[in-house]
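Just so it is clear: in the sequence shown, position 7 is 32 by this note's numbering, and no numbers are missing.
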Amino acid sequence: MSWRAYVFDTMTGLIRCPIDLPSFSWSVSVSDSAMATTRDKNAGEQDATGLRLPWGAVPARSAAARADLLCPDKRSIMLCWKTADDPSEIGTPIVGGSITPRTDTASDTSFTLASPLSLLADRYLIDERRFGTAAKGTTSSVISYRGLSRRGLAAEFGARVTGGKAGGILPIDWNYLGERGTENRDYHGYDIQNLDFKSFLTRLTNLENGPDCQFRPKLSDGSHFRWDFLAASDADVYLEQSSVVEFHYSPLGGTIEDLSIDHAGPTHRVYMTGAGAGDKMKCAMSENLTLVQQTDPWPLREAVESDNDIDDTSLLQRAAAGRLAGLDAPIMQIKGSVYFTDRDQAGHLLHPPGSFHTGERVHLWANGFPTLADGMYITRLMQMDGDESGKAQLTFDVMADPML
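Encoded structure:
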């Protein structure tokens, strides 16, 4: 059981060759997992950093071949977890991205991997043939969508900025294309600085009840990697799952260890500003003063957020409510560590990579933790961080503190 890495073509997903990575660190998230008094949800990211290869580990004989195999943007690397003893098995794709940037020395090369979402930060929803062609060099083009679900809107946007552009193809399956709903949007060409896919998806997920979204890698056949664009429905903001993973903590032993809990007090009011300037600026507010007005009150905590891309008052109000959601009560966040190689009494692997994913609901059983009542806590896995070993830190969703 170990990690294996492969070089593949960024645009097609075609696997070129395995490559040995002596050391690296990786991270996969479904949305913002940081503990804070106010927070944006954001879309799921994944990355790998600290990738450093001695030239002897690069399977290429000439300078030109090395430059081609590790070409920034054109080539990508996928980290897979291999459990079988068959040396020909590729393994389960877990983390991948394009090589960007890369630094060479006489003895080695180092680089990080840019996730699909990072790549799509440089893709814009625009009719390029009409950009700057209106009167006096202006732009009057509009791209409109009507009657779509939120994830349907994201899929249409994504398909337009990938396969809809020359040279834009990426191995992404844009699920939910054409899915019906209540979202109506107009995207004006003159606002191009706000029309990149990453900014769009971030704004979408940060709305009140915004959907979880992520790009999940897969092996589509024996020679290609692809990505599934996954998003929650309008009816349920969380990603679909077929089963619920359980973790058990006890000071005497369990399936999760190194448990820690961060605590913070509530935020009672969020002021939100949008597009405009001076007395023309759009403004909205969301508040819950219940805990300020109780017998043993909490001291008032306010926050200010801004998004100058929002010029619709109703969207701004939903964004303010989204910032406050889940933070208007005392909160806590649980973290812990797991070993992918742990087995049960029958010898079966308990939690190998690929058997559970960020964004999924989990049942966390706690017993004997000093500041937590014994019992089961229903939460979500928000982020996984690890390295070349078989150990990973899990970060769970911020939740109301049951002790307060």
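Positions of the beta carbon are idealized from the N, C-alpha and C atoms, including for glycine.
- For residue 93, the uninterrupted alpha helix (DSSP H) run begins and ends at 88–94, by DSSP.
- Each residue's CA atom was taken as its position, placing residue 366 and residue 281 some 12 Å apart.
- Counted as a single uninterrupted DSSP element, the stretch harbouring residue 209 is not any alpha helix (DSSP H) but the beta strand (DSSP E) occupying residues 208–213.
- Per DSSP, residue 307 has no beta-bridge partner at all.
- Nearest neighbour of residue 152 by Cα position, chosen from 105, 167, 243, turns out to be 167.
- Under the DSSP assignment, residue 181 falls in the alpha helix (DSSP H) whose first and last residues are 175–186.
- With a cutoff of 7 Å on beta-carbon distance, residue 378 and residue 119 are scored as near each other.
- Under a 10 Å Cβ-count criterion, residue 238 is classified as buried, with 16 or more other Cβ atoms of the shown protein chains found around its own Cβ.
- Taking a contact as a CB-CB distance under 8 Å, the pair residue 174 and residue 206 counts as one, their CB atoms being some 3 Å apart.
- Relative to residue 332, the option among 315, 52, 135, 219 whose CA is nearest is 219.
- Between residue 27 and residue 417, the alpha-carbon positions lie close to 13 Å from each other.
- Scanning 359, 165, 54, 351 for the CA closest to the CA of residue 154 turns up 165.
- Under the three-state reduction of DSSP, residue 284 is assigned to strand.
- Closest option to residue 384, judged by alpha-carbon separation, among 354, 419, 414, 314: 419.
- In this structure, residue 222 sits near residue 145, with a CB-CB distance shorter than 7 Å.
- At the C-beta level, residue 305 and residue 341 stay beyond 7 Å of one another.
- Minimum Cα-Cα distance from residue 142 among the listed residues 196, 189, 127, 163 corresponds to 196.
- Taking the Cβ atoms as the reference, residue 359 lies roughly 7 Å from residue 404, within the contact range of under 8 Å.
- Only buried fits residue 124, as 16 or more other CB atoms lie within 10 angstroms of its CB.
- Close CB contacts of residue 351 within its chain, under the 7 Å cut and outside five residues either way in sequence, are with 423 (chain order).
- Following the DSSP letters along the chain, one finds residue 38 in no beta strand (DSSP E), marked with neither H nor E.
- Residue environment for residue 204: buried (at least 16 other C-beta atoms within 10 angstroms of its C-beta).
- By the CB criterion at 7 Å, residue 354 and residue 425 fall inside the cutoff.
- Contact between residue 253 and residue 243 is confirmed by a C-beta separation of about 6 Å, below the 8 Å threshold.
- In the structure shown, residue 408 falls within a strand segment according to DSSP collapsed to helix, strand and coil.
- Between residue 171 and residue 209, the C-beta spacing is below 7 Å.
- Annotated three-state conformation of residue 356 is strand, per DSSP.
- When the beta-carbon positions are compared, residue 381 and residue 269 stay at least 7 Å from each other.
- Beyond the five residues adjoining it in sequence on each side, residue 275 comes within less than 7 Å, by CB distance, of 392, 393 in the same chain, given in chain order.
- Where residue 239 is concerned, the enclosing beta strand (DSSP E) starts and stops at 238–246.
- Cβ neighbours of residue 179 within its own chain (closer than 7 Å, five residues either side excluded): 226, 229, 238, 256.
- Just measuring C-alpha positions, the residue of 368, 399, 215, 77 sitting nearest residue 160 is 215.
- Residue 96 holds the alpha-carbon nearest to the alpha-carbon of residue 126 among 224, 96, 105.
- Residue 86 and residue 147 have their C-alpha atoms some 33 Å from each other.
- Under DSSP, the beta-bridge partners assigned to residue 249 are 39, 246.
- Taking the C-beta atoms as reference points, residue 328 is found nearer than 7 Å to residue 292.
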